[in-house]
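Working notes, beginning with the structure itself.
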Amino acid sequence: MNFHPDIELLLKYSSGQLAPALSVAISLHHQTCKQCQQRVADLETFGGSALETLPNISVDLSDFDRLLVDLDGLPEEPNDSEFTDLPVANIDKPLIKQLSEQQFSGFKWQRLSYNIWRANVQMQDPVYSVELLKFSPKAKIPQHTHIGKEFTYVLQGTFSDHVAEYRQGDFVTQDKHNNHQPKAGKDGCICLAITDSPIKFTGRFSSLLNWLNR
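Residue numbers (my numbering): 8 to 221.
Here's what the structure looks like:
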């Protein structure tokens, strides 16, 4: 793997402060990336050390007892032991399991062109849209840039642009500074794409494509 979440994303991920969609993508990357596993472990150690330096404060034990009673009254959520330690909501762990095991047939795929398919991924995330993109071998995506940010996690296969080749497990961040025309590798590609705004086509037939993409 050559492309990873930056330290700011990993810090928010390790502290449970990241948007649900990004938490899922980084969890997938984190499971298989030794480098990011070490970074998250270091961040968690640093966070624990920082907590130890905080001054002691008095706590009303009656409030704490009421909190425990409230927690006992909550329904238990199913939890896959394989994903117990991930700092993500339990509701999103089945999706992580499904994607990590590459169970793609359960999604409803929509054909965008003769060699590109899309499947919407339903998540409780008010900021980001999430979808799976599947490309046939050597398929080309029209040249485009990004109005906001796009985070791409490569689930299967490879794709490339004028900057690099992105392989299974890579976590790629794109924004308005990136104007590219991705191309799938010889075995095709399946990606998880997370965006906060639509892409903007910049190449041939861009006016028509942007109108269709509204």
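Where is the CB? At the ideal position from N, CA and C, for every residue including glycine.
Ile14, DSSP secondary structure in three states: Along the sequence shown, one-based indexing puts residue 14 at 7. For Ile14, the secondary structure class from DSSP, reduced to helix, strand or coil, is helix.
Supposed close pair Ile167, Pro94 - CB separation, criterion 8 Å: Taking the sequence shown and counting its residues from 1, the one referred to as residue 167 is at position 160. Taking the sequence shown and counting its residues from 1, the one referred to as residue 94 is at position 87. Per the sequence shown, residue 167 should be read as Ser rather than Ile. So it is not a contact: roughly 32 Å between Cβ atoms.
Pick from Lys193, Ile98, Thr209 that is closest to Ala146, judged by C-alpha positions: For this step, residue 146 is matched to residue 139 along the sequence shown. Taking Ala146 as reference, the option from Lys193, Ile98, Thr209 with the minimal CA-CA separation is Lys193.
Asp182 and Lys141 closer than 7 Å at C-beta: Indexing the sequence shown from 1 puts residue 182 at position 175. Indexing the sequence shown from 1 puts residue 141 at position 134. Not a contact, by the Cβ cut-off of 7 Å.
As assigned by DSSP and simplified to three states, the class of Leu7: Within the shown structure, residues of the chain are numbered from 8 to 221, placing residue 7 beyond reach of any answer.
Per-residue DSSP class, three states only, for Met8: Looking up residue 8 in the sequence shown gives position 1. Coil.
Backbone CA spacing between Phe114 and Val47 [nearest angstrom]: Taking the first residue of the sequence shown as 1, we reach residue 114 at position 107. Taking the first residue of the sequence shown as 1, we reach residue 47 at position 40. Phe114 and Val47: Cα-Cα distance of roughly 31 Å.
Boundaries of the alpha helix (DSSP H) in which Leu102 is found, first to last residue: Position 95 of the sequence shown, counted from the start, is the residue given in the question as residue 102. Judged by DSSP secondary structure, Leu102 falls within the alpha helix (DSSP H) whose first and last residues are 100-107.
Beta-bridge partners of Ala191, as assigned by DSSP: Position 184 of the sequence shown, counting from 1, holds the residue named residue 191. Looking at the DSSP assignment, Ala191 forms a beta bridge with Phe166.
Chain-order list of residues whose beta-carbon lies under 6 Å from that of Ile206 (same chain, five-residue window excluded): Taking the first residue of the sequence shown as position 1, residue 206 is located at position 199. If we look at Ile206 and ignore the five residues flanking it on each side, its Cβ neighbours are His151, His153.
Residue environment, Val134, which counts as buried when at least 16 other CB atoms sit within 10 Å: Counting from one through the sequence shown, the residue named residue 134 turns up at place 127. If you draw a 10 Å sphere on the C-beta of Val134, you find fewer than 16 other C-beta atoms in it, and that means exposed.
Cβ pair Ser107, Leu35 closer than 7 Å: Mapped onto the sequence shown, residue 107 falls at position 100. Mapped onto the sequence shown, residue 35 falls at position 28. Contact flag set, yes.
Paired residues, beta bridge with Leu199 - DSSP: The sequence position of residue 199 within the sequence shown is 192, counting from 1. Looking at the DSSP assignment, Leu199 forms a beta bridge with Leu139, Tyr160.
Assigned secondary structure, Lys41 (DSSP; H/G/I helix, E/B strand, else coil): Residue mapping note: residue 41 aligns to position 34 of the sequence shown, counting from 1. Reduced to three states, the DSSP call for Lys41 is helix.
Per-residue DSSP class, three states only, for Tyr20: By one-based count along the sequence shown, residue 20 stands at place 13. Correct three-state label for Tyr20: helix.
Beta bridge counterpart(s) of Ala126 as assigned by DSSP: Here the question's residue 126 lines up with position 119 in the sequence shown. Paired residue(s): Leu139.
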